[in-house]
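A.B. asks: In the numbering used here, the protein residues as written are 121 to 431. We put the beta carbon where it would ideally sit given N, CA and C, even for glycine. For clarity, every value in this text was computed on a predicted model and none was experimentally measured.
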Amino acid sequence: MKAQRAVWGETLVDLAKQDPRVLVLDADLATSTQAVNVANEVPEAFLELGIAEANMVGVAMGLTTLGYRPWLSTFGVFLTSRSLDQIRVLVSQTKAPVRLSGAYAGLLNGSSGKTHQDLEDLATMRAMPNLVVLAPADEYEVAAMMRWSAEYDGPVYMRVARDAVTPVFDETYEFRPGAVHRLRDGADVVLVSTGVQTSRVLAAAGLLAEAGIESRVVHVPSLKPLDQVALVGELADAPLVVTVEEHSIIGGLGGLVAEVVAAELPGVRVVRVGLADTWSESAPNGYLLDHYGLSPERVAEQVTAIRNTVG
121 MKAQRAVWGE
131 TLVDLAKQDP
141 RVLVLDADLA
151 TSTQAVNVAN
161 EVPEAFLELG
171 IAEANMVGVA
181 MGLTTLGYRP
191 WLSTFGVFLT
201 SRSLDQIRVL
211 VSQTKAPVRL
221 SGAYAGLLNG
231 SSGKTHQDLE
241 DLATMRAMPN
251 LVVLAPADEY
261 EVAAMMRWSA
271 EYDGPVYMRV
281 ARDAVTPVFD
291 ETYEFRPGAV
301 HRLRDGADVV
311 LVSTGVQTSR
321 VLAAAGLLAE
331 AGIESRVVHV
341 PSLKPLDQVA
351 LVGELADAPL
361 VVTVEEHSII
371 GGLGGLVAEV
381 VAAELPGVRV
391 VRVGLADTWS
401 ESAPNGYLLD
411 HYGLSPERVA
421 EQVTAIRNTV
431 G
């Protein structure tokens, strides 16, 4: 079991060794993001730009005009908030092949405080035209997404978590943009998740099964593009759909699923679980997952309560 950031750094080394167009631009966080691997093993492919994230985005766009394929190394919040104007104008509007890697995204950067937690990134990036938005479940999906992104001729945002989770896939996994994955069968409720939260949702499904509730678990790694027909197929027969995400319930996965259901399946009930329009807190990971209802135990409790409420 490996942390996503570790696999991100290792895969970048492989890509840089294989393709001289690959450059890694860092904003003084290479040790944290693991871009330091590139600095150590392929130093000619590593550029340290200091704590100047907006400038880093501009430099990356400029490098694409010379044929390079830059990957950006910093925390997600510094890309999707601090550098948003540069991403909007220089990357999204021009379709420049910049790979925006949002490290330490999500809730579990609590030791750094709410200023460093990024719980709006999927909503912000999903609203950007021309931008692919990805949230991998585990180490295998990170590597597969990166290898796909390396060949894609356009901009990509990928959420990269700090800590390891129980893997959902294995080394045979192949990424296809837009695909949705049924990870568990069940007829009582459909649980839809994305990113590393999917691992916790699978654990929650196990707890629900012990209580006699059988859950279908659907993983949505590609928030944009999305195979809408496939998602509708997974939800069409659902008595209840519960989305669970380590993100605000506004504009992220829950918003995406609600949009699809409203357009295609108006009779299906959707309930969103995540951060309910609130800023997060600084605290240990376990406390934060429990406090915001995202640990397997709290997810199972909420799903049970929701089913009891809706009948």
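For L169, I'd like the list of residues in its chain whose CB is within less than 7 Å of its CB, leaving aside the five on either flank, ordered along the chain.
C.D. replies: Here residue 169 refers to the residue found at position 49 of the sequence shown. Counting only Cβ-Cβ distances below 7 Å, and skipping sequence neighbours, we find L145, D146, A147, N175, M176, V179.
A.B. asks: Helix, strand or coil: which one does DSSP assign to F295?
C.D. replies: As a first step, residue 295 must be located in the sequence shown, where it is residue number 175. F295 falls in the coil class under three-state DSSP.
A.B. asks: Which of the three DSSP states is assigned to D146 in this structure?
C.D. replies: Position 26 of the sequence shown, counted from the first residue, corresponds to residue 146. In the structure shown, D146 sits in a strand (DSSP, three-state: E or B).
A.B. asks: In the DSSP assignment, what are the bridge partners of V423?
C.D. replies: Numbered from its first residue, the sequence shown carries residue 423 at position 303. According to DSSP, V423 bridges with nothing at all.
A.B. asks: Can you list, in chain order, the residues of its chain whose CB lies under 7 Å from that of Y260, leaving out five sequence neighbours each side?
C.D. replies: Locating residue 260 in the sequence shown gives position 140, where the first residue counts as 1. Cβ neighbours of Y260 beyond the five flanking positions: P287, F289, D290, E291, Y293.
A.B. asks: D397: which of L183, E240, R219, L204 sits nearest, CA to CA?
C.D. replies: Looking up residue 397 in the sequence shown gives position 277. Per the Cα distances, E240.
A.B. asks: Using a 10 Å radius around the Cβ and a threshold of 16 neighbouring Cβ atoms, would you call Q138 buried or exposed?
C.D. replies: Translated into positions along the sequence shown, residue 138 becomes position 18. Only exposed fits Q138, as fewer than 16 other CB atoms lie within 10 angstroms of its CB.
A.B. asks: According to DSSP, simplified to helix, strand and coil, what is K234?
C.D. replies: Taking the sequence shown and counting its residues from 1, one reaches residue 234 at position 114. Coil, per DSSP.
A.B. asks: From the DSSP output, in three-state form, read off W399 for me.
C.D. replies: By one-based count along the sequence shown, residue 399 stands at place 279. Residue state, collapsed to three classes: coil.
A.B. asks: For the beta strand (DSSP E) that contains S313, what are its first and last residues?
C.D. replies: Looking up residue 313 in the sequence shown gives position 193. Start and end: 309-313.
A.B. asks: Closer than 8 Å is the cut-off here; do at least three beta carbon pairs connect the segment 188-196 with the segment 205-219?
C.D. replies: yes
A.B. asks: Reducing DSSP to helix, strand and coil, say where G394 ends up.
C.D. replies: As a working note, residue 394 is residue 274 in the sequence shown. Of the three classes helix, strand and coil, the one that applies to G394 here is strand, per DSSP.
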